[in-house]
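The structure appears right after this line, and notes come after that.
In this note's numbering, the protein residues as written are 848 to 1328.
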C-alpha cells in the first residue's frame, strides 16, 4: 500500500495487511491534511479515490486501536457527484482494515453523529464539504461518542498516511463487510421529535425550508410535517451539480423571497450537510447563530438548564450579542472559529449551550453534535411557546454592531496558511486596531475549509466598519497577488 508522496510501498514489509501498490503516489500536501473540519478540498485533485481508500484503511486501524468492543462504523454522504466515488473508496479501505461498514447513503451529517453515539459503532464518517461549492468534497470523522474525532486521532491517521508512524497491526485475514442501512435514518428522525412531542407542536405555523439541493432533502420536510407545520420547500431534491449554489445557509435571498411570497411565519436555510441552519423572520430579517444562541439561552436559563448562564461562542460572535447577554447576567466565552473548539471549551467548562454565528449550534441536552434540523425545530418551538412571532422575539433581543465579513480567494495553500508572516499585512491590522480602540474588533484568518482568507471588521458605526474592511481587504489582496 502506498503511504506517501514518495511512493514507498508498505507491502514490502507488511504483506498481509497491505492493500496493494498499484495506486501510485498520493501527492499529499506538505501542510497538514486534516483541517478544522476533517479533510476537505477539490474532488479529483486533493480528494481522490486512492486517498479515500488509504484514509479509510488507516482510520480503521487507528480506531480499532481505541476500542476492541466493536468493529462497526457508520458511513453517510451528501448529494455531491463525487460523494459516491469517495464513499465506495473509503468503504473499501475500512473493510480492508476489518471493519463492518453500515452505509446510510444520503443523510445529514448529524445523522451519522447520532447513530455513531447511540449504537455500538467504533466511529462514524461523513462524506461532505458542508457549505462549500459542488466541486469540493470532504471526509469528516466522528468518535464513538458522536463528537468529531480528536485532533490526536486525526494526527495519528495522517501520520500513518504519510508513513511516519505506522500503527501496530496484528496479521490476520479478517475482512470487513459493507451493508446498506438507510432504514436507520428513521431512528434519527424520531430522536428529533422525542424531546418536543406531544407537549409542543407546530400546528398552524407556515414554515419555508431551503434545503440547498443537499443532504436534508429527504429528511427535513418529513420532520417538520410530523411536527404539524405547513411546509414550503425550496431546492428540495438531491442535486450534486447545484448543492449550495446560490441557495442554502450561505445565500439567504431565496429564503427571504420564499417567506415573503408565501406569507410564512419564518424560514430556515440549511447548508449542504445540514449541520448548521440560518433563519429568516416574517419581516425578512436574518436570524443567525448569535440570535439563536441568545433566544435558546434565555429559554434554558429560565428553566434552570444553563449552568452559570454560560454560552460558548467564537471570535466571530457579535459584540451586540455579547453585551446584551452580559446585561442579563450571563457570560460568554469565545474560542477560535470551528465547532470542535466550541465543543472542547464546552466540555472543559461543563457548558450546555454553544455555537457559531454561522448557525452551527451545540446543545448537549438534546444532541451530540451540531444539528441544523434539531436547532430549527427547537427555535420554531420556542416561537410557538412564546405565543408571539420570531420577529417580535428579535425586536426584544439585541441590536448587532455593524459587521462585515469579506473573503479573499488565495488558491496557494501554503501562502494562505502563512499570511501572518507578511509584515506589511500585520502593520495594516495593527493600524486598524489602534484606530478603532474599544469601538470595534478585527479578525483576519485563513479558512480551514475553503481556499480563502477571511477579513471581519466590526465597529460601532457602519462607516468605520466599511472603511477598515476595504483597507484590510486591499492589503490581503496585495499579499495574495
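Heads up, the beta-carbon is just placed ideally off N, CA and C, and yes, glycines get one too. Computed from a predicted structure; not experimentally measured.
By the neighbour-count criterion, in which 16 or more other beta carbons inside 10 Å mark a residue as buried, residue 1285 falls on the exposed side. 1127 is the residue among 1127, 1112, 1075 whose C-alpha sits nearest the C-alpha of residue 1097. DSSP links residue 1161 through a beta bridge to 1182. For residue 1207, no beta strand (DSSP E) encloses it, and the DSSP letter there is neither H nor E.
Put simply, the backbone Cα of residue 1306 is about 26 Å away from that of residue 1156. The distance from the Cβ of residue 1059 to that of residue 1108 is about 18 Å, inconsistent with a contact at the 8 Å cut-off.
Scanning its chain for C-beta atoms nearer than 6 Å, with the 5 sequence neighbours on each side dropped, one finds around residue 1288 the residues 1305, in chain order.
DSSP places residue 1151 outside both helix and strand once states are collapsed to three, so it counts as coil.
The bridge partners DSSP lists for residue 925 come to none. A direct Cα-to-Cα measurement between residue 1214 and residue 970 gives close to 16 Å. Shortest Cα-Cα distance from residue 989 to any of 1187, 1266, 1047 involves 1187. In this structure, residue 888 places its C-beta atom within 8 Å of the C-beta atom of residue 894. By the neighbour-count criterion, in which a residue is buried when 16 or more other Cβ atoms sit within 10 angstroms of its Cβ, residue 1250 is buried. Straight-line measurement puts the Cα of residue 1189 at about 29 Å from the Cα of residue 1055. Taking C-alpha positions only, residue 1135 is separated from residue 1021 by approximately 49 Å. Straight-line measurement puts the Cα of residue 877 at about 51 Å from the Cα of residue 1239. Between the C-alpha atoms of residue 1209 and residue 1036 there is a straight-line separation of about 18 Å. Taken through DSSP and simplified to helix, strand or coil, residue 1287 comes out as strand. Pairing residue 1067 with residue 926 gives a Cβ-Cβ distance that is not under 8 Å.
Relative to residue 1297, the option among 986, 965, 882, 1132 whose CA is nearest is 882. Cβ atoms of residue 985 and residue 918 stay farther apart than 8 Å, at about 25 Å. Here residue 1064 is buried. Its C-beta has 16 or more other C-beta atoms within 10 Å.
A residue is called buried when at least 16 other Cβ atoms come within 10 angstroms of its Cβ; residue 1137 meets this threshold and is buried.
Straight through space, the alpha carbons of residue 1291 and residue 1316 are spaced by roughly 10 Å.
Assigned with DSSP and collapsed to three states, residue 982 falls in coil, not helix or strand. Annotated as proximal: residue 928 and residue 1088, with beta-carbon spacing under 8 Å.
At a Cβ-Cβ threshold of 8 Å, residue 1165 and residue 1247 count as neighbours. By the Cβ neighbour-count rule, residue 1027 is exposed, with fewer than 16 other Cβ atoms within 10 Å of its own. Across the structure, residue 1039 and residue 977 are spaced so that their CA atoms are roughly 21 Å apart. Per DSSP, the beta bridge partners of residue 1202 are 1208. Taking every protein chain shown into account, the CB of residue 1259 has fewer than 16 other CB atoms within 10 angstroms, so this residue is exposed. As computed with DSSP, residue 1250 is found in a beta bridge with 1305.
Here DSSP, grouped into helix, strand and coil, assigns residue 1258 to coil. Taking a 10 Å sphere around the C-beta of residue 1084, we find fewer than 16 other C-beta atoms and assign the residue as exposed.
A distance of 8 Å or more separates the beta carbons of residue 982 and residue 896.
Between residue 1169 and residue 1012, the alpha-carbon positions lie close to 44 Å from each other.
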